[in-house]
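Student: Dumping the structure here so I can ask a few things about it.
Residue numbers (this note's numbering), protein chains in the order written: chain A, 321 to 525; chain B, 49 to 821.
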């Protein structure tokens, strides 16, 4: 039960990471041709490093009549600290440092730390994240089935977890963007619910 | 001639009958539990039953040890999958899937009866609104995928609270979804067997099956990975195997030495084989007697019983040693019979004290030894003489042996000196006279004990030493009592006296509490109205909470949950370990974790003023129980000694003779106890039981040394016989003294020293021949 929760947290954090990395590519303005490959994406992710980016995440669920919106900031501090801070409608922070995940909520008066090592599912996501930053496409492909679609103007990188534990919680991750910019990250769950994270630069503190 | 042969016929018929019974009826048990004391109070008895067949005894701790954590995790998953299909295994835990889908269903259906937060105010409009807000938060958070399935039927979150409670123990660290030690070199598993921990044969079969499964999942790939096992069942099997192995080679060694020695003494293979007849007849008949009376013979009874019967091996030796050319074997037997008879009778009195000890193990042993001794004596008296070949004479006895006897008699002063020395040794020695810690007598190896500690520590499993016991006449009373105790236990935890506890009330509420919770649930119309108000302005889909409304309505009239609701599931096993019924009484057992200050806990629990609640330190309790039985045995021994003295007085009809027989034995006992103590050993029940054998041997030696009829050559034969007797005893038990098993060592050392001391002292104090120059 706990590991599933962490897995989802991992997806969340990872998407943020990818977003940060991809975001940084935008400024480089590299040319994207039709030969757009996973290797190229990862190569760009490896090079890119942006201190922070704002996000707006919408959760669509069959339980709800309208999506739930969360806004906040993603931050990356070298060498491997990643932070997702929620600012609206409440304040919460998730931080991955090395193999530790710290969750902090003023409202719930909670601050707890768990070890990544204890959660195989989350670890596979973080491995993917680290693989991306070191340009280790082989490792990324070990954890996900990867597909790239579209052209450099409008492309999508589809990641499907390879192991069944991962698939039972997350059907797919889709990173969609144009040229060097990631615009949205969509996480689909097997029951049809989805969350869409839209990224924008500039408003970071 | 034919008339003289009839005893052989009777003997042959008896033996054939006994052999037939042995073949068809004999049931040899190896369950150590059968030999444990039954306890004197009802609580003790119930507790011991639990120790024997309860969860604690049936739990095996497994560890897969190796260098690569990922490989260990794979093996853990594969092994637990294999083991879950095993018919003799009730439950396998390795960190994955704490509760099966069926169990989750069971808890989910009973959520409004089981959850501690169900109260009238929990269903007010305000509380419902707050709960719905919380669910929205969860949907926005990374928790969403795991909780959203429960939201329509359980918007107040009762089920997740119950789940937290059920899996709310200090679990080990995880790696790749399975339990792993902190250093990641051991994947941890826990197995609950169907068979009791003391059921050695069943445990052995299960453990072999576990090893075979492990080899299967391991395949050829990882030679550096190994499986470690611990738990009461593993201890039982290890103890049994060690005893079997040691007994086998020690007895082979002893038998070889005795055989060679007897052959050297008599130079006749026939006699060596004949000397085995009384002992083996005694063992056979003793076995049949115990089996008929108790319904089974315990393996341990057999082992110890044969030890005690060692004294019977002296009887044929006396006969053979007294044979001469002038006298037929039956005539020789008739001549020494009065002395032998008195020895048998008094030894039997000593053994019979075991019968009255009230400890099943000792009672079996007593019966076995008593019947075996009688049989051996009768066989020696009536059967053996007829079998001795005509004209047989033992070897010439060397003359210097007799000179030695003269020296012995002159050195009478050695006896009081030895006794004084032994007494001084006993007073000055730092070693306590009695062993009060049963664990030290346990034959389990130090390595195995250490592994058990390590695995328990890594698993966070209680060592089942400290228990809180609650008693009540009915299940409902028990649960209410337990609910009253729960806040007090929390107090103990807050005060730091215990690190944690398990209690049945954490899982199963009393009927009263469940009814109160049902009364707290509003009816459908009210709930629907409040929910409508609570959900106003929140983006939940219309009609989403229909399952919630239906669930609460059902719960209002649902039959209450009790122990039986969980029958046949791992949850049921857990509850069964925490509460039980025994002969119409109900008992809750709450294992306490991390108790350091046992006096503090005892005092606090006593201060609660709850007569139905007792704190039990199981280790202290079982030690105390064992000591009670030991004291009782020692007490019976005193009475036995008195009876022996009276019997001797009547048989010998002479006070000086009585003195000469009794003093060597008493002196021998004191010196043996002194030697055992000074060598750094404390006495246990096993030493006490062996002292009985020493008494038997001592009686035999002293009586023969003081035979009034012995003159000249006859006396030499007696002395020769006694030397042979004593040497065989020392050879057999001296071998046992080398055993690494504390119990066997204790028996061997006590008996070998006892035999030597009794022989020497009887020799010192024997009346010298009046007409020897």
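The beta-carbon is built from N, C-alpha and C at its ideal position, and this holds for glycine as well.
Please report the straight-line C-alpha distance between residue 727/B and residue 791/B, rounded to a whole angstrom.
Tutor: Taking the second chain and counting its residues from 1, the one referred to as residue 727/B is at position 679. Taking the second chain and counting its residues from 1, the one referred to as residue 791/B is at position 743. Cα-Cα distance, rounded: 15 Å.
Student: Can you find the residues in the same chain that come closer than 8 Å, C-beta to C-beta, to residue 325/B, ignoring five residues on each side of it along the sequence?
Tutor: As a first step, residue 325/B must be located in the second chain, where it is residue number 277. The residues are 364, 427, 431, 432, 435.
Student: Considering residue 748/B, what are the terminal residues of the alpha helix (DSSP H) in which it resides?
Tutor: To locate residue 748/B, count along the second chain from 1; it is residue 700. First-last of the alpha helix (DSSP H) with residue 748/B: 733-753.
Student: Does the ligand MN have a heavy atom nearer than 7 Å to the CB of residue 312/B?
Tutor: The ligand MN is not part of the structure shown, which contains no ligands of any sort.
Student: When the Cα atoms are used, what is the spatial distance from residue 60/B to residue 312/B?
Tutor: In the second chain, the residue the question calls residue 60/B occupies position 12. In the second chain, the residue the question calls residue 312/B occupies position 264. If you take the alpha carbons of residue 60/B and residue 312/B, they lie about 29 Å apart.
Student: Looking at the unbroken beta strand (DSSP E) that takes in residue 120/B, where does it start and where does it end?
Tutor: Here residue 120/B corresponds to residue number 72 of the second chain, with the count starting at 1. Not the beta strand (DSSP E): residue 120/B falls in the alpha helix (DSSP H), residues 117-132.
Student: Please state the DSSP three-state secondary structure of residue 512/B.
Tutor: Stepping through the second chain from its first residue, residue 512/B is reached at position 464. Three-state result, residue 512/B: coil.
Student: Is there contact here, the stretch 538-550 of chain B with the stretch 565-574 of chain B, by at least three beta-carbon pairs under 8 Å?
Tutor: Short answer: they don't touch.
Student: Step through the CB atoms of chain A and report whether any lies within less than 8 Å of the CB of residue 184/B.
Tutor: Here residue 184/B refers to the residue found at position 136 when the second chain is read from its first residue. Yes, residue 184/B counts as interfacial toward chain A.
Student: Is residue 745/B closer than 8 Å to residue 138/B when the C-beta atoms are compared?
Tutor: On the second chain, position 90 is the one that residue 138/B refers to. On the second chain, position 697 is the one that residue 745/B refers to. Not a contact, by the Cβ cut-off of 8 Å.
Student: Can you pull the chain B residues whose beta carbon is under 8 Å from the beta carbon of residue 390/A, in chain order?
Tutor: Position 70 of the first chain, counting from 1, holds the residue named residue 390/A. The answer, in chain order, is 188.
Student: Quick check: what's the CA-CA separation for residue 795/B versus residue 294/B?
Tutor: Numbered from its first residue, the second chain carries residue 795/B at position 747. Numbered from its first residue, the second chain carries residue 294/B at position 246. Those two C-alpha atoms are separated by around 14 Å.
Student: Any Cβ of chain A within less than 8 Å of the Cβ of residue 588/B?
Tutor: Against the second chain, residue 588/B aligns to sequence position 540. Yes, its Cβ sits closer than 8 Å to a Cβ of chain A.
Student: Rounding to the nearest angstrom, what Cα-Cα distance links residue 354/B and residue 335/B in this structure?
Tutor: On the second chain, residue 354/B is found 306 positions in, with the first residue counted as 1. On the second chain, residue 335/B is found 287 positions in, with the first residue counted as 1. Each residue's Cα considered, the two are about 10 Å apart.
Student: So, at 6 Å on beta carbons, what are the nonlocal neighbours of residue 66/B in its own chain, with the 5 sequence-adjacent residues on each side left out?
Tutor: Position 18 of the second chain, counted from the start, is the residue given in the question as residue 66/B. Same-chain partners within the cutoff: 332, 333, 336.
Student: With distances taken between CB atoms, is the gap from residue 226/B to residue 119/B smaller than 8 Å?
Tutor: One-based indexing of the second chain puts residue 226/B at position 178. One-based indexing of the second chain puts residue 119/B at position 71. It is not a contact, given that the beta carbons lie outside the stated cut-off.
Student: I want to see whether chain A comes within less than 8 Å of residue 113/B, judged by CB atoms only; does it?
Tutor: Translated into the one-based positions of the second chain, residue 113/B becomes position 65. No, residue 113/B does not count as interfacial toward chain A.
Student: Which of helix, strand or coil does DSSP assign to residue 199/B?
Tutor: If you number the second chain from 1, residue 199/B lands on position 151. Coil.
Student: Would residue 233/B and residue 114/B qualify as a contact pair, given that the criterion is a beta-carbon distance under 8 Å?
Tutor: Here the question's residue 233/B lines up with position 185 in the second chain. Here the question's residue 114/B lines up with position 66 in the second chain. Result yes, Cβ atoms of residue 233/B and residue 114/B sit closer than 8 Å.
Student: Identify every residue that forms a DSSP beta bridge with residue 511/A.
Tutor: For this step, residue 511/A is matched to residue 191 along the first chain. BP columns for residue 511/A are empty, so no partner.
Student: Among 256/B, 396/B, 540/B, whose alpha-carbon lies nearest the alpha-carbon of residue 688/B?
Tutor: Here residue 688/B corresponds to residue number 640 of the second chain, with the count starting at 1. Considering only alpha carbons, the answer is 396/B.
Student: Considering only residues of the stretch 299-325 of chain B, which uninterrupted alpha helix (DSSP H) runs meet the minimum length of 4 residues and lie entirely inside it, listed in chain order?
Tutor: With a minimum length of 4 residues, the continuous alpha helix (DSSP H) runs that stay inside the stretch 299-325 of chain B are 317-322.
Student: Compare the Cα-Cα distances from residue 674/B to each of 484/B, 708/B, 747/B, 230/B and report the closest residue.
Tutor: Your numbering for residue 674/B matches position 626 in the second chain. Closest by alpha carbon: 484/B.
Student: With C-beta atoms as the reference, is residue 160/B less than 8 Å away from residue 600/B?
Tutor: The residue labelled residue 160/B in the question sits at position 112 within the second chain. The residue labelled residue 600/B in the question sits at position 552 within the second chain. Cβ distance < 8 Å, so residue 160/B and residue 600/B count as in contact.
Student: For residue 677/B, report the span of its beta strand (DSSP E) as first-last.
Tutor: Here residue 677/B is taken as the residue at index 629 of the second chain, counted from 1. That residue, residue 677/B, is in no beta strand (DSSP E); its alpha helix (DSSP H) goes 666-700.
Student: Output, in chain order, the set of chain A residues within a Cβ distance shorter than 7 Å of residue 199/B.
Tutor: Your numbering for residue 199/B matches position 151 in the second chain. Here the neighbours are 383.
Student: Listing by chain order, which chain B residues have their CB less than 9 Å from the CB of residue 489/A?
Tutor: Translated into positions along the first chain, residue 489/A becomes position 169. Simply 193, 194.
Student: Could you list the residues in the stretch 582-610 of chain B with a C-beta less than 7 Å from some C-beta on chain A, going in chain order?
Tutor: Taking 7 Å as the Cβ-Cβ cut-off against chain A, the residues of the stretch 582-610 of chain B that qualify are 587, 588, 589, 592.
Student: From residue 279/B to residue 237/B, what does the alpha carbon distance come to, in whole angstroms?
Tutor: The count along the second chain starts at 1 and reaches residue 279/B at position 231. The count along the second chain starts at 1 and reaches residue 237/B at position 189. Each residue's alpha carbon lies about 12 Å from the other.
Student: DSSP on residue 596/B, reduced to helix/strand/coil?
Tutor: Here residue 596/B is taken as the residue at index 548 of the second chain, counted from 1. Residue state, collapsed to three classes: helix.
Student: Find the nearest neighbour of residue 776/B within the set 581/B, 320/B, 75/B, 610/B, judged by alpha-carbon distance.
Tutor: Reading the second chain from its first residue, position 728 is the one you call residue 776/B. Residue 776/B has its Cα closest to that of 320/B, out of 581/B, 320/B, 75/B, 610/B.
Student: Going straight from the alpha carbon of residue 483/A to that of residue 465/A, what length do you get?
Tutor: By 1-based counting over the first chain, the position of residue 483/A is 163. By 1-based counting over the first chain, the position of residue 465/A is 145. Using only the alpha carbons, I get a separation of about 10 Å.
Student: Three or more beta-carbon pairs under 8 Å between the stretch 666-685 of chain B and the stretch 378-389 of chain B, yes or no?
Tutor: Counting Cβ pairs under 8 Å, fewer than three are found: no touch.
Student: With a CB to CB cut of under 7 Å and the five nearest residues on each side skipped, what residues in its chain are close to residue 347/A?
Tutor: Here residue 347/A refers to the residue found at position 27 of the first chain. The predicted position of residue 347/A is uncertain, since its pLDDT is 37 and thus under 50; a value taken from the coordinates is nonetheless stated next. Correct list: empty, nothing qualifies.
Student: Is the beta carbon of residue 773/B sitting closer than 8 Å to the one on residue 720/B?
Tutor: In the second chain, counting from the first residue as 1, residue 773/B sits at position 725. In the second chain, counting from the first residue as 1, residue 720/B sits at position 672. No, they are not a contact pair.
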